[in-house]
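J.: Take a look at this one; I'll ask things after.
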Amino acid sequence: MAEAGSKVASMILSAVERCPLLVYPSSSMCLLLVGYLSFLIIAELVLPGKRILGVILPDNTRIVYRCTGFSSTILLLALLGIGAKFLGLPLTVSWWLLASGYTSKSKTSSLKPHVTGSILHDWWFGVQLNPQLLGLDFKFFWIRAGMMGWLLINLSIAAQQIQLHGNLSLSMLLYQSFVAIYVLDYFWFEEYMTSTWDIIAEKFGFMLVFGDLVWIPFTFSIQGWWLLKHTVDLTVFAAILNIIVFIFGYTIFRGSNRQKHLFKKDPKALIWGQPAKTIGGKLLVSGYWGIARHCNYLGDLLLALSFSLPCGTISMVPYFYPIYLLVLLIWRERRDEAKCKEKYKGVWMEYCKVVHWRIFPGIY
Ligand code: NDP
């Protein structure tokens with residue numbers, strides 16, 4: 000397993016070092032990518048998993064999502080582990096962009112084409128909200144491929160460090176553990192994704208395809224790449240602080256997303272043991288949602304920081320992910336604010352008066 004993983008890591012590293020901006024896929028890479036995506040399609044169709052009804056779309060239709068992310072990840076990890084041990088199959092994680100063509104005549108909210116007149120805009124942001132093929136929801140599917148890919152790349156990096164040094168450094172162990180928990184948790188609570196911005200508001204074009212297949216797995220794992228080449232003297236005290244940041248971030252992130260999800264399913268749900276307080280019966284104003292309007296972003300940002308802290312402070316490179324996420328979530332919060340203002344009108348204005356802070360209580 001370690002040997003196969005390290006082969007993948009050195010293959011990717013040497014390819015990137017030879018030509019950092021343009022890497023052409025070999026035929027074996029393409030085959031592995033097709034194999035990987037085929038596995039995901041088959042797993043989606045055959046593995047047991049909850050069937051979740053998505054949010055109600057403007058035309059009152061709802062998409063049925065199959066939450067098989069967790070079982071597919073566990074099955075894939077098991078198969079790769081068995082393959083690497085007994086069959087000598089090389090592990091690989093390499094992603095290529097795919098573009099989908101949209102020629103739909105559908106009038107449903109999820110499939111109706113939104114053509115702007117600018118080919119570049121349509122290509123970048125997408126034309127349909129939830130394109131599907133054979134009952135497979137593309138957007139839900141691609142995010143799964145990206146998140147799982149992040150975990151697989153990380154495992155390859157860990158395997159290479161074990162092969163090079165015989166063990167994992169404390170920094171690598173912390174980084175690997177945090178991200179593994181984050182990704183597995185993401186799949187465990189996959190149904191919460193069905194009401195997120197990416198799924199309900201963003202059309203599916205190059206931006207999301209690239210984001211899911213390339214950006215997430217390759218840039219979110221920069222800390223791991225960096226730790227392969229640099230040694231950090233992390234004290235036990237620093238490691239404990241790092242774990243505290245992770246736990247704190249996780250509690251806020253998971254707690255706030257969970258509260259919103261429970262409230263959307265049942266407006267009478269208990270929040271921190273009390274009946275949910277609302278504004279206009281539509282917006283939750285208790286729990287985390289009464290502290291800041293996007294406490295879930297705060298939790299995610301603390302988590303992102305905890306993924307980079309194991310790298311110490313000698314370089315900014317490993318801090319790429321939290322910095323990127325900060326910019327993305329501040330931009331996202333502004334777009335979400337505009338969407339909510341239009342949708343909820345006076346109710347939203349009242350919510351803003353009651354809950355003043357956007358993301359960081361007391362600061363922003
Ligand atoms: P949210 O899950 O915060 O969803 C925003 C929507 O929630 C709003 O449009 C509104 O939708 C509803 N809403 C807002 N306030 C309230 C309220 N008080 N009560 C009830 N409903 C409310 O946004 P995202 O989808 O952007 O984020 C989901 C998670 O994904 C976050 O934790 C975020 O950090 C994470 N994320 C991670 C990224 C990464 O790269 N790591 C990238 C993007 C997100 P409605 O109209 O349905 O009421």
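Taking numbering that gives the first Met the number 0, the leading residue of the sequence shown gets 0, the next gets one more, and so forth.
The beta-carbon is built from N, C-alpha and C at its ideal position, and this holds for glycine as well.
1) Taking Ile242 as part of the alpha helix (DSSP H), name the residues at either end of that continuous run.
2) Measure the Cβ-Cβ separation of Phe177 and Phe245 and say whether it is below 8 Å.
3) Buried or exposed: where does Val316 fall if 16 or more other Cβ atoms within 10 Å of its Cβ makes it buried?
4) Can we count Leu328 as close to ligand 2, meaning its CB is less than 7 Å from some heavy atom?
5) Take Leu86 and list the residues in its own chain whose beta-carbon comes closer than 6 Å to its own, dropping the five residues that flank it on each side.
6) With 16 other CB atoms within 10 Å as the buried threshold, where does Lys259 fall?
7) Exposed or buried, which one is Phe236 when buried takes at least 16 other CB atoms within 10 Å?
8) Looking at ligand 1, does it come within less than 7 Å of Leu324, judged from the CB to the closest heavy atom?
9) Is DSSP giving Trp94 helix, strand or coil here?
10) Identify whether Ile270 lies in helix, strand or coil by the three-state DSSP scheme.
11) Can you have a look at His355 and say buried or exposed, based on whether 16 or more other CB atoms are within 10 angstroms of its CB?
12) Taking one C-beta from the segment 57 to 70 and one from the segment 135 to 144 each time, how about it: are there three or more such pairs within less than 8 Å?
13) Would DSSP call Arg292 helix, strand or coil?
14) Nearest to Leu226 by CA position, among Met146, Ile142 and Leu173, is which residue?
15) With a threshold of 16 other CB atoms inside 10 Å of the CB of Met146, please say whether the residue is buried or exposed.
T.: Here's the rundown:
1) Val235 to Lys264
2) yes
3) exposed
4) Among the ligands modelled here, namely ligand 1, ligand 2 does not occur.
5) Annotation note: pLDDT 49 at Leu86 (below 50); position unreliable, coordinate value reported separately. For Leu86, where only same-chain residues beyond five positions count, there are no Cβ hits under 6 Å.
6) buried
7) exposed
8) yes
9) Annotation note: pLDDT 32 at Trp94 (below 50); position unreliable, no value reported.
10) strand
11) exposed
12) yes
13) coil
14) Leu173
15) buried
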